[in-house]
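Residue numbers (our numbering): 1002 to 1295.
Below is one structure; the comments refer to it alone.
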Amino acid sequence: MLFNSFAFVLFAVVVYALYLVLDHRGQNILLFVASVFFYAWWDWRFLGLLFFSILLDFWCGWRIFEAPTHGWKRFYLILSLIGDLGVLFLFKYFDFFVETAGLLLQGIGMKPHFETLHLILPLGISFYTFQTLSYSIDIYRGDAKPTRNLLDFAVYVLFFPQLVAGPIERSTRLLPQIASPRTLQWNRTVDGIGLILQGYFKKVVIADNLAPFVMAIYQQKPVEYVSGCNILLATYAFAFQIYCDFSGYSDIARGLGKILGIELMVNFRRPYFAANPSEFWRRWHISLSTWLRD
1002 MLFNSFAFVL FAVVVYALYL VLDHRGQNIL LFVASVFFYA WWDWRFLGLL
1052 FFSILLDFWC GWRIFEAPTH GWKRFYLILS LIGDLGVLFL FKYFDFFVET
1102 AGLLLQGIGM KPHFETLHLI LPLGISFYTF QTLSYSIDIY RGDAKPTRNL
1152 LDFAVYVLFF PQLVAGPIER STRLLPQIAS PRTLQWNRTV DGIGLILQGY
1202 FKKVVIADNL APFVMAIYQQ KPVEYVSGCN ILLATYAFAF QIYCDFSGYS
1252 DIARGLGKIL GIELMVNFRR PYFAANPSEF WRRWHISLST WLRD
């Protein structure tokens, strides 16, 4: 269910209408059910990975917090890291490493017979993996205490507006908002609708219309017949396509969060106005760069 599909718009409207008439616990149950439905719409078979990640880090969080020694705290943190990153590696990077190793061995005269898995990449696996990891890491570092409410933690991981494209939220920022009753304010609703419209403009009007032009240039054969001017134009167009596509999704996610009473972090701050590469990195995909820095 893509953000720019009619099905998603209808889904979001129904969720919001129900959300308005429920109390805090009912809202969290609704968010859990809606998020599971949203993910299952893509492929229900991968829900097991999500639930594995939720249960693993919920359990590891408590084990880290209650561990009698620093050594045991580290053990449970490593267990969380192995579980989460192991699944991410298996689905996203295993085939790449196998193929690369095969090519390197062929380069020195060997004839390896490695088999790749050809696994489907689960939607949003990088985003929710980093988010669940942040929970265990924050508890290990003493920045947060584990939640006793599995529903709250599940909503923290599954929250559908940012499940598949971010922003990547820290547990210290998002989990308290889920655990506490939320007040829906008209001004935040207006701001949220504005962000949603801005995101759709970036995604549908700009990114989706730049994509055919970029593909037409990059896929033109033979390549020597493509003029340097067209290649340059396509390169700049691709840069704006990627920005508007990614930041558009982030704006929609933040807007949906606002109308549901949940603040998500800003993920882009005009990165192409950066004066140098380090400033660009601080302005682009901010939730990832701050996650890695912290």
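C-beta atoms are modelled at their ideal positions from N, C-alpha and C, and glycine is treated no differently.
Across the set I1140, K1093 and Q1186, the C-alpha of K1093 shows the shortest separation from the C-alpha of I1126. Judged by their CB atoms, G1087 and F1128 are not nearer to each other than the 8 Å cut-off. With a threshold of 16 other beta carbon atoms within 10 Å, P1069 falls short and is exposed.
Cβ contact annotation for F1281 (same chain, cutoff 7 Å, sequence separation greater than five): P1272 and A1275, in chain order. Distance from the Cα of T1130 is smallest, within the candidate group F1090, I1121 and S1279, for F1090. Rounded to whole angstroms, the gap between the alpha carbons of L1120 and N1188 is 45 Å. Within the model, the alpha-carbon separation for D1192 versus Y1219 is close to 38 Å. A Cβ-Cβ separation of about 6 Å places K1204 in contact with N1005 under the 8 Å criterion.
Counting the other Cβ atoms within 10 Å of the Cβ of I1083 gives fewer than 16, which makes it exposed.
Rounded to whole angstroms, the gap between the alpha carbons of F1095 and C1230 is 39 Å. In terms of CA proximity to I1138, L1080 leads the group R1026, P1123, A1041 and L1080. Counting along the chain, S1251 sits inside the alpha helix (DSSP H) bounded by residues G1229 to I1260. Nearest to R1284 by C-alpha distance, out of L1265, I1263 and S1248, is S1248. In this structure, I1253 lies away from R1183, with their beta-carbon atoms at least 8 Å apart.
In the DSSP assignment, M1002 falls outside any alpha helix (DSSP H), carrying neither H nor E. Straight through space, the alpha carbons of D1044 and A1212 are spaced by roughly 26 Å.
With a cutoff of 8 Å on beta-carbon distance, S1036 and F1161 are scored as near each other. In the DSSP assignment, R1149 falls outside any alpha helix (DSSP H) and carries neither an H nor an E.
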